[in-house]
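Residue numbers (our numbering): 4 to 395.
Ideal placement from N, C-alpha and C gives every residue a C-beta, glycine not left out.
Note that the structure is a prediction, hence the values are computed from the model and not measured.
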């Protein structure tokens, strides 16, 4: 009961961060979703993901009680895919939007997009690698030579939470190759959709690593169960004007329908997770692939409904405040580093309780993400600062 109350308190705090300075949009506004707004909302979701990761850490210490009310913030476990789906959706939207409005966008794309992810990825990767090597020395363990070499180059992930950066860079690279050659956005989106489906198939067939913490690429359902939102974001950018008219004119109907569907799909999704739609190969299921496909289908619909709900709300409400701007800038660094602090600071929970633990995790993640952000800007020779109000 105590943890349930804490969940609603944390949710109220998150909503407070989101709603400060929120305002009602004018009905005459034709555009309500852009790069700045999506980045700020990603900052909000990055904090959400931190809480999602705390559940995973608690589960690692008490694996038999994942779905029990004895796990703090257990509800965040079921919504992690929704947060990540928005990241992919926004990325797909932003790429096509810029390509359609900037004829020179492809020039310098590697530095502007891929290196912006690549630099913090390797910084965080070496942080995790150093931590793992020190842990091994302390406990008399060791990696195989192949794992050390692959870890150094990021092919073997010391921490699976780094997967997002890898996959988004793969998508950026494919986008760079495809959209440097196509003339019509519809052709490029179609090719990108095929590429994403291929990545989904690879993920579905790759199974899981023997370790839930570290693995090679494409090991785990997280590699494929949100990525379909990337081409969906591209479609939205391509048909934005027409779709925005639908959101504005059918606001009440969309809000009611998406809200009801969200609750229904949330209930179904929880049942499927408890029946195991992920680790089917270790559960001895006789129809492993069908279980995973069922899970993927339901989660894809769940994510689409969530995005429709979010866009419907954004069509009438404008979000934005200094905290969201700040968090939005370091959102990528936060989601790559948060697991480190969730796991390494768990002793704070055992000694001082949940409140101290959460404060330490959030503070450690935000401060370290800010430092990595500064280092990234120095390496890339970017002049935008953390508190200058600009989103890049």
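Cβ neighbour criterion (16 or more within 10 Å) applied to residue i
i	result
residue 396	Because residue 396 is not part of the residues shown, which for the chain are 4 to 395, the question remains open.
residue 256	exposed
residue 228	buried
residue 283	buried
residue 348	buried
residue 18	exposed
residue 270	exposed
residue 234	buried
residue 296	exposed
residue 131	buried
residue 43	buried
residue 76	buried
residue 359	exposed
residue 278	exposed
residue 334	buried
residue 342	buried
residue 119	buried
residue 189	exposed
Cα-Cα separation, residue i to residue j
i	j	result
residue 329	residue 104	26 Å
residue 280	residue 88	18 Å
residue 110	residue 176	13 Å
residue 336	residue 113	19 Å
residue 37	residue 353	43 Å
residue 106	residue 50	35 Å
residue 318	residue 149	51 Å
residue 11	residue 268	20 Å
residue 33	residue 239	14 Å
residue 392	residue 325	Because the pLDDT of residue 392 is 47, which lies under 50, any placement of that residue in the model is unreliable, and the number read from its coordinates should be weighed accordingly. Roughly 7 Å between the two C-alpha positions.
residue 29	residue 222	46 Å
residue 16	residue 62	24 Å
residue 246	residue 258	15 Å
residue 226	residue 345	21 Å
residue 310	residue 136	40 Å
residue 298	residue 210	14 Å
residue 323	residue 332	13 Å
residue 139	residue 218	17 Å
residue 242	residue 248	10 Å
residue 355	residue 380	36 Å
residue 350	residue 60	12 Å
residue 230	residue 362	31 Å
residue 397	residue 203	Past the boundaries of the shown model lies residue 397; the chain is included only from 4 to 395, so the question cannot be answered.
residue 216	residue 178	29 Å
residue 80	residue 58	6 Å
residue 263	residue 83	20 Å
residue 396	residue 90	Here the chain has residues from 4 to 395 only, and residue 396 is not among them.
residue 167	residue 213	20 Å
residue 121	residue 382	11 Å
residue 199	residue 252	32 Å
Alpha helix (DSSP H) segment containing residue i, residue limits
i	result
residue 256	254 to 277
residue 190	188 to 209
residue 83	83 to 104
residue 183	First-last for residue 183: undefined, no H or E at that position.
residue 132	118 to 142
residue 223	Run containing residue 223: none; DSSP gives neither H nor E here.
residue 368	357 to 383
residue 111	Neither: residue 111 is in no alpha helix (DSSP H) and is coded neither H nor E.
residue 147	It is not in any alpha helix (DSSP H) - residue 147 carries neither H nor E in the DSSP assignment.
residue 238	232 to 241
residue 336	334 to 347
Residues bridged to residue i (per DSSP)
i	result
residue 160	218
residue 321	26
For residue j and residue i, believed in contact at Cβ under 8 Å, the rounded distance
i	j	result
residue 164	residue 339	7 Å
residue 272	residue 301	6 Å
residue 192	residue 99	7 Å
residue 327	residue 92	Not really, about 18 Å apart at Cβ, beyond 8 Å.
residue 375	residue 126	5 Å
residue 368	residue 117	24 Å between Cβ atoms; not a contact.
residue 95	residue 237	4 Å
residue 27	residue 320	6 Å
residue 265	residue 312	6 Å
residue 314	residue 207	Actually they do not touch by this definition, with Cβ atoms about 28 Å apart.
residue 151	residue 220	That belief does not hold up - the Cβ atoms of residue 151 and residue 220 are roughly 17 Å apart, past 8 Å.
residue 13	residue 97	Their Cβ separation, rounded to whole angstroms, is 29 Å, which puts residue 13 and residue 97 out of contact at 8 Å.
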